[in-house]
Amino acid sequence: MNTVWQDSPRRRGGMADVAVVGGGMVGAAAALALARAGFEVVLVDARAPAAWSADAEPDLRVVGLAPSSIRLLDEVGAWDGIRRARASAYERMVVWDAENGATIHFDAADEGRDVLGYIVENNLVQAMLWQALDDAAVRRVVPGDVVAYEARDDHARLELADGQTIPARLVIAADGVHSPLRAMAGIGTHGRDYAQRGVVAHVETALPHQRTAWQRFLPTGPLAFLPLADGRCSIVWSLPDAEAARVLALDDEAFRDELGVASDFRLGPIGAVTRRMGFPLRLKLADRYESGRIVLLGDAAHTVHPLAGQGVNLGLRDVAELRDTLVTARDAGRDIAATHVLRRYARRRRSADGLDAWSFDALARVYGWKASPLVAARGLGIRLLDGLAPLKRQLMKHAAGG
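This note's numbering puts the first residue of the sequence shown at 2, with every later residue one more than the last.
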């Protein structure tokens, strides 16, 4: 394998301050945030993302970016390109229960905000982050397949499949839910498999989406309609594995009919639909976020149920917390990968991520109640919450990351 190095003009070769493994949204954002903060950074990934094109069919996977994520993307120089390319602001969120009709409404205006967030295609976010890497002097090793990791007293070393080694004071594992680096560091995980899949597609609807994120909780799982910039909606339909397989195998007409019924035709009959795909739903939390000179970010640290749309936002909050922690340590003349430094980051983010992850899990369980008394109690609780403006504001503030 021929490894291509894209070198920093400030330093060619030698030891980096930080080696980031994984160039997805969270990994690329981490590389940028740390480079902008003055660290020497090398980013390692098996492949570079494909170039983004406005003429291509939009990515079926989308992310709902919270204000905290938008701030970080702006700070690293990626948000302007994302916004100008294709991003859909949403101002409201409507969540309702299929079993009892109880509904809760969230509106940006209630918080004095213009928007609650933006719906953006995953590949657009990643492409713009990689484009920003050019200006941030981040060295890249592409393709780079890490096969071994070793922590030493004053640095760590990554060994690549082609025999090259990369020394760095700190290694960041941002290599996804199955994270080989996490396994190399001996960090276990816990959680549960929901035995469900998220079915995603883009659909046309008879009624406009009204810059609103719609979510209906069904006995089989939540169904979300997320507003896209072209007027369509991105759907995320959580279904038991067998039911997801059946739905994915339907022809377009049958799929449109079933989707319309599942959505209670809130946006009218379903029109044209793209191809569909499914992905497994699981809850997975790392037992710890640091070990030796390695630290975990994003899906390598936590994978959560998509019902709250917070997975990537949690990862980007990891990035902001780690950047601030490392800057504080560096400015105080400390080793940025010292155990007490990394544990400070790990303690803060593991607590916050774990609380959110288990809250999402509890919400999924509550909406899975089927006994009539429990369904009635759930409806009463939702209606009470919708009328409690201070509590709703707290929930909105937390979701915004502020």
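Virtual Cβ for every residue (Gly too), placed ideally from N, Cα, C.
Everything numeric in this text was worked out from a predicted model, so none of it was measured.
Taking a C-beta distance under 8 Å as the contact criterion, R198 and F256 do not qualify as a contact pair. Relative to R93, the option among G82, D75 and G65 whose CA is nearest is G65.
Put simply, the backbone Cα of V143 is about 14 Å away from that of E160. Using a Cβ distance threshold of 8 Å, V126 and M26 count as a contacting pair.
Per DSSP, reduced to three states, the secondary structure at Y119 is strand.
Under the rule that a run must span 4 or more residues, the alpha helix (DSSP H) segments found entirely inside the region 285-352 read 312-332. When C-alpha distances from G189 are compared across G28, L286 and D135, the shortest belongs to L286. L208 carries a coil assignment under DSSP once its states are collapsed to helix, strand and coil. In the three-state reduction of the DSSP assignment, P281 falls in the strand class.
The alpha-carbon of A169 is positioned some 31 Å away from that of A358. Within 10 angstroms of the beta-carbon of M129 lie 16 or more other beta-carbons, which makes it buried. Here V42 is buried. Its C-beta has 16 or more other C-beta atoms within 10 Å. The C-beta separation of V201 from S235 comes to about 7 Å, placing the pair in contact by the 8 Å criterion. Between the region 317-332 and the region 343-350, the count of C-beta pairs closer than 8 Å reaches three or more; the two stretches touch. In this structure, DSSP gives A133 a helical state, which the three-state scheme calls helix. Nearest to A55 by C-alpha distance, out of D81, A31 and R85, is R85.
A157 is positioned such that its CB atom lies no closer than 8 Å to that of V21. In the displayed model, L219 falls within a strand according to three-state DSSP.
Under the three-state reduction of DSSP, L268 is assigned to coil, being neither helix nor strand.
Per DSSP, R93 is one residue of the beta strand (DSSP E) stretching across R93 to D98.
In its chain, beyond the 5 residues on either side, T206 and L208 have a beta carbon closer than 6 Å to the beta carbon of L268.
With a cutoff of 8 Å on beta-carbon distance, R183 and L297 are scored as near each other.
S292 counts as buried, since no fewer than 16 other beta carbons sit within 10 angstroms of its beta carbon.
One Cα belongs to A338, the other to I120, and the distance between them is close to 35 Å. Here L33 is actually not in contact with G82; their C-beta atoms are around 12 Å apart, not less than 8 Å. Proximity to G222 across F40, A67 and W97 peaks at W97, based on C-alpha coordinates.
For E151, the secondary structure class from DSSP, reduced to helix, strand or coil, is strand. Closest option to N314, judged by alpha-carbon separation, among T275, D354 and Q132: D354. The C-beta distance from A196 to D242 rounds to 6 Å, short enough to fall under 8 Å. By the CB criterion at 8 Å, L240 and R277 fall outside the cutoff.
C-alpha of A321 to C-alpha of L73: approximately 7 Å in a straight line. Per DSSP, the continuous beta strand (DSSP E) segment holding S239 begins and ends at C234 to P241. If one requires a minimum length of 4 residues, the alpha helix (DSSP H) runs lying completely within the region 2-76 are 26-37 and 68-76, in chain order. Less than 8 Å divides the Cβ of L134 from the Cβ of L44.
For A99, same chain residues with a beta-carbon under 8 Å away, outside a window of 5 residues either side, are R217, F218, L219, P220 and D265 in chain order.
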